[in-house]
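Peer 1: Take the numbering used here: the final residue in the sequence shown is number 524, and no numbers are missing along the way. Provided herewith is a single structure, encoded as structure tokens, for subsequent inquiry.
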Amino acid sequence: MKYAFQLLIFLLLSVLCSCQERADNKNEMIEMMGQFDSIIVAQEKGPSLEYLYENEVQHITFPSKDSVTIFADIYQGKTKQVKLLLCHQAGYSRGAYKETGILLSKLGFNAMAMDQRSGESAKKVPNLTYQEANQKGLSTEYMDAKQDIEAAIDYLYEHNDNKPIVILGSSYSASLCLLIGSKNPKVKAIAAFSPGEYLEGISLKDSLDSIQKPLFITSSKLEIPQTTQLISGIDTTYVTHFKPSVEGVHGARALWKDTEGHKAYWNAFLKFLKENY
């Protein structure tokens, strides 16, 4: 009887602690989203996005696996370490993360946005990695960008005191990030916006079934069945699947402030970052 009573007390305390933890996390997210709103308002009244990009963002280069130059942008706030890699979708460049990168850094999540060789431009920022690869007569298909993302992971890992990083991909690069990150010990968590079977000769679903890392998966509303099928073999313990209630958009453009429902995407993504950054 004594042991049964002790067990009951233990279970009650566990439930109370769990409830308190959930309440604390909820309050922290409310506070973070309040900070998010304040940053948006301040940006609307302050310097233009172009000014911030040119004056507060560090523009760097480093070599890919085959020595093609990778051009990248560092979004860094008050803290030193940069632990998040941002990869763009097809036809785009690192410029796709102008707005997103600045917001992330001001929220405490420093990031590096990169140009992969498969892409062209975004938000008036040309993809210089693509231009160099093209000038050298190199292939710029989706799978050719794999070595660029691998080199960027190596670069950030080294500059993060050899500690694993978080990687984010959009569309085809989401698929590459899942493929690469699933087995790369330098990657601790993966965010994939609209991944799919975009990689020629590879079944991404089969490659992911054994993954055991935190995953954030999202897409447009129309793409939910596709993403659900893609991750169906993964242990749900590791998966956060955000399904928008609005139409949404393809890829990480979901985080742009002119996207309907962008705040809901941000809320889900920031919660994931808070737990895994």
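Even for Gly, the Cβ is constructed at its ideal location relative to N, Cα and C.
So what does Thr-376 bridge to, in DSSP terms?
Peer 2: In DSSP, Thr-376 forms no bridge with anything.
Peer 1: Which residue from Arg-364, Ala-319, Lys-330 puts its Cα closest to that of Lys-345?
Peer 2: Answer by Cα proximity: Ala-319.
Peer 1: Any contact between the segment 369 to 384 and the segment 407 to 419? By contact I mean 3 or more CB pairs, one from each, below 8 Å.
Peer 2: Output reads no: the segment 407 to 419 does not touch the segment 369 to 384.
Peer 1: Which two residues bound the contiguous beta strand (DSSP E) that contains His-306?
Peer 2: Counting along the chain, the beta strand (DSSP E) containing His-306 begins and ends at 305 to 310.
Peer 1: Output the distance between the C-alpha atoms of Ala-439 and Asn-523, rounded to the nearest integer angstrom.
Peer 2: Cα-Cα distance, rounded: 14 Å.
Peer 1: Compare the Cα-Cα distances from Trp-503 to each of Leu-332, Thr-308, Ala-369, Gly-338 and report the closest residue.
Peer 2: Selected option, being the one with the closest Cα: Ala-369.
Peer 1: Since I believe Asp-395 is in contact with Met-361 (beta carbons under 8 Å), could you give me their beta-carbon distance rounded to a whole number of angstroms?
Peer 2: Right, the Cβ-Cβ distance comes to about 7 Å (below 8 Å), so this counts as a contact.
Peer 1: How would you label Ile-400, buried or exposed, when you count the other beta carbons within 10 angstroms and need 16 or more for buried?
Peer 2: So Ile-400 ends up on the buried side.
Peer 1: So Arg-341 packs on Val-315, CB below 8 Å; how close in whole Å?
Peer 2: Wrong, their Cβ atoms sit about 15 Å apart, outside the cutoff.
Peer 1: Does the segment 444 to 458 touch the segment 479 to 494, meaning 3 or more C-beta pairs lie closer than 8 Å?
Peer 2: With the cut-off at 8 Å, the segment 479 to 494 and the segment 444 to 458 touch.
Peer 1: How long is the line joining the alpha carbons of Ile-414 and Leu-446, rounded to whole angstroms?
Peer 2: Answer to the nearest angstrom: the Cα atoms are 18 Å apart.
Peer 1: Sort out for me which residues DSSP pairs Gly-416 with in a bridge.
Peer 2: Bridge partners of Gly-416: Ala-439.
Peer 1: Give the DSSP bridge partners of Val-486, in chain order.
Peer 2: DSSP lists Leu-462 as partners of Val-486.
Peer 1: So within the segment 325 to 411, which uninterrupted beta strand (DSSP E) runs reach at least 3 residues, ignoring any that extend past its ends?
Peer 2: As far as the segment 325 to 411 is concerned, its whole beta strand (DSSP E) runs of at least 3 residues are 331 to 334, 358 to 361.
Peer 1: Determine the burial state of His-470: buried for a count of at least 16 other Cβ atoms within 10 Å of its Cβ, exposed for fewer.
Peer 2: The sequence given here places Glu at residue 470; His does not occur at that position. Counting Cβ neighbours within 10 Å, Glu-470 comes out buried, since at least 16 surround it.
Peer 1: What are the boundary residues of the alpha helix (DSSP H) that includes Asp-320?
Peer 2: Asp-320 -> not in any alpha helix (DSSP H); beta strand (DSSP E) instead, spanning 316 to 322.
Peer 1: Could you work out which residue in Lys-393, Ala-515, Leu-477 is closest to Asp-526 when comparing CA atoms only?
Peer 2: Absent from the model: residue 526. The displayed extent of the chain is 248 to 524, so no value can be given.
Peer 1: For Thr-347, collect the residues of the same chain with a Cβ closer than 6 Å to its Cβ; drop the 5 residues on either side in sequence, then sort them by chain order.
Peer 2: If we look at Thr-347 and ignore the five residues flanking it on each side, its Cβ neighbours are Leu-502.
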